[in-house]
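This report refers to the structure that appears directly beneath it.
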Amino acid sequence: MVLPCRCWRGSPGNSAPPNPGICGDHALNYIWAFKYDSALDWDFDRYNGDIAATRAFLQGSGAQPMTVPYRANRAVIFDSDLFHETDVIRFREGYPNRRINVTLLYGERAWTGRAKKLLLRHPTEEEFMRVLKSLLLGAALLSATAALAQTPAAPPPIPMGLTSTSFADGAVIPDKYTQASPAPVSPALAWTNPPAGTVSFALVVDDPDTALQHTTNEVLHWAAFNIPATATSLPEGVPNDAALPDGTVQPLNTGKKPGFMGPGARGNVYHHYTFQLYALDTKLALGPDATRAQILAAMDGHVLGKAVLVGRFHRPLM
Numbered sequence: 000m001v002l003p004c005r006c007w008r009g010s011p012g013n014s015a016p017p018n019p020g021i022c023g024d025h026a027l028n029y030i031w032a033f034k035y036d037s038a039l040d041w042d043f044d045r046y047n048g049d050i051a052a053t054r055a056f057l058q059g060s061g062a063q064p065m066t067v068p069y070r071a072n073r074a075v076i077f078d079s080d081l082f083h084e085t086d087v088i089r090f091r092e093g094y095p096n097r098r099i100n101v102t103l104l105y106g107e108r109a110w111t112g113r114a115k116k117l118l119l120r121h122p123t124e125e126e127f128m129r130v131l132k133s134l135l136l137g138a139a140l141l142s143a144t145a146a147l148a149q150t151p152a153a154p155p156p157i158p159m160g161l162t163s164t165s166f167a168d169g170a171v172i173p174d175k176y177t178q179a180s181p182a183p184v185s186p187a188l189a190w191t192n193p194p195a196g197t198v199s200f201a202l203v204v205d206d207p208d209t210a211l212q213h214t215t216n217e218v219l220h221w222a223a224f225n226i227p228a229t230a231t232s233l234p235e236g237v238p239n240d241a242a243l244p245d246g247t248v249q250p251l252n253t254g255k256k257p258g259f260m261g262p263g264a265r266g267n268v269y270h271h272y273t274f275q276l277y278a279l280d281t282k283l284a285l286g287p288d289a290t291r292a293q294i295l296a297a298m299d300g301h302v303l304g305k306a307v308l309v310g311r312f313h314r315p316l317m
């Protein structure tokens with residue numbers, strides 16, 4: 000912090016009584032400012048009432064003063080947490096008790112021969128307002144920066160999550176939900192923390208461990224879109240109908256049937272069946288004949304959030 004040491008001793012036009020201050024007899028018509036950190040346990044009375052202690056502290060610190068002539072043009076801004084005894088200031092909880100002090104003094108320098116004189120004058124209203132506005136803006140920026148530094152950053156939003164009571168994420172999918180059963184049913188799904196502004200949900204379940212017909216296409220096991228924004232789950236065994244009473248649409252899967260098609264990968268390697276739930280800011284203007292590619296294209300630019308659940312499955316070769 001800047002520790003100002005005022006030495007207006009016998010200054011012209013100064014109504015304050017003569018006061019040598021901590022500068023002793025070494026300064027006349029000057030203000031001395033020492034840029035040096037003070038002791039942390041100092042209080043208002045120590046700064047402003049104990050001249051001897053202040054002088055001894057500065058002499059022992061080796062701090063060098065900066066002198067400013069009386070009424071010379073200058074603007075001083077310093078940050079302080081020591082208030083005058085007459086101050087009654089209350090800050091909102093969580094903000095430090097600090098203020099920005101601004102001092103404005105005006106003068107006009109002139110040279111006459113070898114003697115430098117200080118010609119005093121009052122600033123014009125235009126000059127005063129111009130400088131004052133600049134300093135107030137600077138003080139406001141300093142205060143705003145300090146406030147931002149003291150305000151903790153808002154925690155990131157909790158992402159949307161997708162779970163199932165039928166199997167854990169990454170676990171093996173039980174046979175009743177797969178083609179190992181003669182009549183597989185869809186597993187139960189539930190989700191949490193949908194983003195604000197969600198209008199509908201879309202579900203896409205596919206097998207990324209395939210290269211369907213030697214292309215980048217994946218086997219689509221289940222798709223459902225225009226699931227109401229109020230929904231938080233799908234029960235086990237959703238009917239395999241193209242349209243559900245709540246407005247949900249279930250287009251054809253790779254097996255050319257609407258609704259859920261259970262996992263059926265054969266071999267000794269597990270396939271990873273990926274349940275992908277999308278939160279959308281719109282409903283999709285598609286019907287039951289929509290393909291996987293059309294669903295993904297229609298969602299593009301409307302996804303507010305996404306949650307993924309993965310289950311593994313394979314059955315031995317026949």
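So the sequence shown is numbered by numbering that gives the first Met the number 0: it starts at 0 and just counts up by one.
Using N, Cα and C, we set each Cβ at its ideal position, and we do this for glycine too.
Bear in mind that the values here come from a model prediction, so they are computed numbers and not experimental data.
Within the same chain, A187, L188, A189 and W190 come within 8 Å of S232 by CB-CB distance, once the 5 residues on both sides are set aside.
By alpha-carbon distance to A297, the top candidate from R311, T281, V307 and L308 is T281. For the 7 Å CB-CB criterion, L295 and N252 do not form a contact. By the C-beta criterion, the stretch 264–272 is judged to be in contact with the stretch 307–316, since at least 3 inter-stretch pairs fall below 8 Å. Measuring C-alpha to C-alpha distances from V204 to each of Q58, A306, F56 and P64 identifies A306 as the nearest.
By the neighbour-count definition (other C-beta atoms within 10 Å, threshold 16), Q212 is an exposed residue. Residue burial annotation: D40 is exposed, with fewer than 16 other C-beta atoms found within 10 angstroms of its C-beta.
Cβ neighbours of P257 within its own chain (closer than 8 Å, five residues either side excluded): N239, D240, A241, Q249, P250, L251 and P287. Residue pairing of I226 in beta bridges, as defined by DSSP: F200. With at least 16 other beta carbons inside 10 angstroms of its own, P64 counts as buried.
Looking at A284, R129 and V302, the one whose alpha-carbon comes closest to that of T197 is V302.
For K255, the closest C-alpha among the options A55, Y277, P151 and A289 is that of A289. Rounded to the nearest angstrom, the Cβ distance from L283 to N225 is 6 Å, consistent with a contact under 8 Å. With respect to Q178, G236 sits apart: the two C-beta atoms are not nearer than 7 Å.
The C-alpha of T229 lies about 24 Å from the C-alpha of V309.
Around the beta carbon of D206, a 10 Å sphere encloses 16 or more other beta carbons of the protein chains shown; the residue is thus reported as buried.
In the DSSP assignment, T53 falls within the unbroken alpha helix (DSSP H) covering I50 to S60. Annotation for A306: the continuous beta strand (DSSP E) segment containing it runs V302 to F312. Ranked by Cα distance from I157, the options V171, G61 and N192 are led by N192. Cα atoms of D245 and A278: separation of roughly 17 Å, rounded to the nearest angstrom. For A167, the three-state secondary structure derived from DSSP is coil. Annotation: L251 is outside any alpha helix (DSSP H) and is labelled neither H nor E by DSSP. Distance between A222 and L202, taken at the CA atoms: about 5 Å. Residue environment analysis places P181 among the exposed positions, since fewer than 16 neighbouring C-beta atoms fall within 10 angstroms of its C-beta. Residue state for Q293 is assigned as helix, using DSSP reduced to three classes.
Less than 7 Å separates the beta-carbon of S185 from that of F259. In the DSSP secondary-structure assignment, L219 is bridged to D205. The C-beta of P183 has 16 or more other C-beta atoms within 10 Å across all chains shown, which makes the residue buried. A residue is called buried once 16 or more other Cβ atoms fall within 10 Å of its Cβ, and T247 is buried on that count.
R291 and L285 have their alpha carbons spaced roughly 11 Å apart. Ranked by Cα distance from G160, the first of L276, Q293 and D299 is L276.
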